[in-house]
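FYI, the numbering for the sequence shown is 526 to 895, going by this note's numbering.
Beta carbons are placed, not taken as given, at the ideal position from N, Cα and C, and that holds for glycine.
Below you'll find the structure, written out as structure tokens, and then a few comments.
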Amino acid sequence: MQRFISLVLFLIISHQSIAQLNDVADTDSTFNKEISKIEISAYLDFYYGNTFNNQNETVPYFVSSNSNNAFNVNLAFVDFKYASKGIRLKFTPGFGTYMNSNYANEPTTLKYLLEASMGIRLSQKRDIWLDAGILGSPYTNENAISRDHLVYTRSLAAENVPYYLSGVKLSIPLSSKITFYTYLINGWQQIKDNNSGKSIGTQIEYKPNPKHTLNWNTYIGDERSLSAPQYRTRYFSDIFYIYNPEGKLSLTSCIYLGNQQKLIGSTRSNHYWWQANAIARYKLNHRLAISGRVEYFDDPEYLIISPLSDVAPKFSVLSESISIIYKVHDNAMCRIEGRYFDATDNIFTANNNQPSSNMFWMVSNLTMWF
Numbered sequence: 526m527q528r529f530i531s532l533v534l535f536l537i538i539s540h541q542s543i544a545q546l547n548d549v550a551d552t553d554s555t556f557n558k559e560i561s562k563i564e565i566s567a568y569l570d571f572y573y574g575n576t577f578n579n580q581n582e583t584v585p586y587f588v589s590s591n592s593n594n595a596f597n598v599n600l601a602f603v604d605f606k607y608a609s610k611g612i613r614l615k616f617t618p619g620f621g622t623y624m625n626s627n628y629a630n631e632p633t634t635l636k637y638l639l640e641a642s643m644g645i646r647l648s649q650k651r652d653i654w655l656d657a658g659i660l661g662s663p664y665t666n667e668n669a670i671s672r673d674h675l676v677y678t679r680s681l682a683a684e685n686v687p688y689y690l691s692g693v694k695l696s697i698p699l700s701s702k703i704t705f706y707t708y709l710i711n712g713w714q715q716i717k718d719n720n721s722g723k724s725i726g727t728q729i730e731y732k733p734n735p736k737h738t739l740n741w742n743t744y745i746g747d748e749r750s751l752s753a754p755q756y757r758t759r760y761f762s763d764i765f766y767i768y769n770p771e772g773k774l775s776l777t778s779c780i781y782l783g784n785q786q787k788l789i790g791s792t793r794s795n796h797y798w799w800q801a802n803a804i805a806r807y808k809l810n811h812r813l814a815i816s817g818r819v820e821y822f823d824d825p826e827y828l829i830i831s832p833l834s835d836v837a838p839k840f841s842v843l844s845e846s847i848s849i850i851y852k853v854h855d856n857a858m859c860r861i862e863g864r865y866f867d868a869t870d871n872i873f874t875a876n877n878n879q880p881s882s883n884m885f886w887m888v889s890n891l892t893m894w895f
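Right, dumping it as structure tokens:
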């Protein structure tokens with residue numbers, strides 16, 4: 526309870542002050558809607574991370590930058606895009622440890638598609654678009670592209686919701702400040718569908734001005750599969766806020782709640798997980814900045830998290846991190862981040878393979894793009 530109170534106080538104190546990226550569903554924050562010819566860009570995220578207190582090859586519970594005590598590439602991609610007044614196309618093959626971990630359940634060549642989508646404008650007057658393919662996910666205030674976020678590592682919140690969706694997306698501007706999006710998709714981060722049903726997602730984006738963004742997202746879908754035959758409908762909702770001015774201080778905060786229904790005999794029962802986080806960055810000068818995150822993640826029944834053992838205790842953890850950011854060039858930055866996890870139970874392992882309730886993770890990285 527004390528940890529939860531501390532987190533709430535942090536959120537309240539920090540509310541008046543995110544990242545450069547406002548639309549987390551777009552894999553490329555530099556994307557221009559009107560391109561007269563094919564445009565090509567590239568991105569490379571190289572890193573070294575170490576948890577020190579265990580000998581695992583990967584950092585548990587993470588798909589991003591998860592190699593332990595090894596130099597590696599988290600994410601590298603080449604982005605091909607084209608847009609005119611009536612059509613748009615994005616094709617983004619990706620490689621790296623993030624792709625290996627996050628796309629492990631996808632078949633063959635689909636494992637290497639960070640995004641592959643095409644869209645048609647249904648109404649030029651109202652700017653209504655219909656996009657289809659493998660799409661970026663709108664859920665939470667972070668996506669897989671570390672360049673566009675205030676700290677290097679991803680939060681547990683982002684790591685445990687879809688990073689990508691497969692289906693169709695309808696974008697409808699309701700006013701100059703509000704845009705509504707709806708998705709018809711295969712399921713919860715699935716290119717290959719796990720069952721015959723389809724899922725629905727929605728997003729309402731409110732941007733009163735360039736400095737402020739408020740998003741509310743929902744998800745409803747049947748999550749039964751061969752690995753989880755007892756699962757039925759999943760309900761999920763998140764709200765996140767972005768404050769991204771030209772000044773020194775930027776902030777983002779996200780809260781979400783999920784409900785997974787399970788079939789036990791002939792009875793459906795409800796099971797929940799939730800999280801809250803806040804991230805802030807302060808620019809010391811035009812090249813140097815410092816940022817931090819605090820997050821509480823609670824999934825006591827391992828509805829979303831994959832446990833390390835069959836007898837794992839409940840997953841309830843507080844995480845804090847601090848990061849130093851140095852802008853080497855307009856198209857390059859390096860970061861070093863220290864992150865500490867403090868759980869209520871022994872959900873981590875130490876050097877001697879003994880259970881532990883805490884973990885320290887140090888990560889450094891160099892990111893370049895053009």
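Put simply, the backbone Cα of residue 800 is about 19 Å away from that of residue 726. Classified as exposed, residue 595 has fewer than 16 neighbouring CB atoms from the shown chains inside 10 Å of its CB. Closest by C-alpha distance to residue 826, out of 881, 628, 787, 676, is 787. For residue 658, the beta-bridge partners assigned by DSSP are 642, 692. The Cβ atoms of residue 620 and residue 601 sit closer than 8 Å to each other.
Under the three-state reduction of DSSP output, residue 570 falls in the strand class. According to DSSP, residue 798 shares a beta bridge with 783. Taking the C-beta atoms as reference points, residue 717 is found no nearer than 8 Å to residue 618. Between the segment 756-770 and the segment 731-740, the count of Cβ pairs shorter than 8 Å is three or higher; the stretches touch. Excluding residues up to 5 positions away in sequence, 616, 658, 659 lie with their Cβ nearer than 6 Å to the Cβ of residue 641 in the same chain. Each residue's CA atom was taken as its position, placing residue 864 and residue 742 some 28 Å apart. Between residue 668 and residue 549 the beta-carbon gap is near 5 Å, inside 8 Å, which marks them as a contact. Residue 777 is classed as buried because its beta carbon has at least 16 other beta carbons within 10 Å across all chains shown. C-alpha of residue 807 to C-alpha of residue 729: approximately 28 Å in a straight line.
Residue 753 sits exposed, since fewer than 16 C-beta atoms from the chains shown fall within 10 Å of its C-beta. Under the Cβ criterion (8 Å, minimum of three pairs), the segment 699-707 does not count as touching the segment 834-842. For residue 684, no beta strand (DSSP E) segment is defined; the enclosing uninterrupted segment is the alpha helix (DSSP H) at 681-684. By the Cβ criterion, the segment 637-655 is not in contact with the segment 860-880, since fewer than three pairs of Cβ atoms, one from each stretch, lie closer than 8 Å.
Of the candidates 678, 858, 840, 798, the residue whose Cα lies closest to the Cα of residue 867 is 840. When secondary structure is reduced to three states using DSSP, residue 673 falls in the helix class. In this structure residue 691 touches residue 711 by the C-beta definition: roughly 5 Å separates them, less than 8 Å. Taking 8 Å as the cut-off, the beta carbon of residue 845 is found no closer than this to the beta carbon of residue 785. DSSP links residue 614 through a beta bridge to 607, 643. Beta bridge pairing from DSSP links residue 814 with 808, 850. The residue from 646, 744, 701 with its alpha-carbon nearest to that of residue 714 is 744.
The criterion of a C-beta distance shorter than 8 Å is satisfied by residue 820 and residue 680.
Put simply, the backbone Cα of residue 682 is about 7 Å away from that of residue 822. The beta strand (DSSP E) runs of length 3 or more contained entirely in the segment 818-895 are, from start to end of the chain, 840-854, 857-868, 883-894. In this structure, residue 813 and residue 851 form a Cβ contact; the two beta carbons are roughly 6 Å apart against a cut-off of 8 Å. Put simply, of 721, 873, 889, 649 the residue whose alpha carbon is nearest the alpha carbon of residue 883 is 873.
Per DSSP, the continuous beta strand (DSSP E) segment holding residue 766 begins and ends at 756-768. Between the alpha carbons of residue 855 and residue 567 lies a distance of about 14 Å. The C-alpha of residue 578 is placed about 43 Å away from the C-alpha of residue 722. Residues of the same chain with a CB within less than 7 Å of the CB of residue 583, apart from the 5 flanking positions on each side, are 591, 592, 593 in chain order.
The DSSP-derived three-state label of residue 625 is helix.
The closest CA to that of residue 720, considering only 685, 758, 881, is found on 758.
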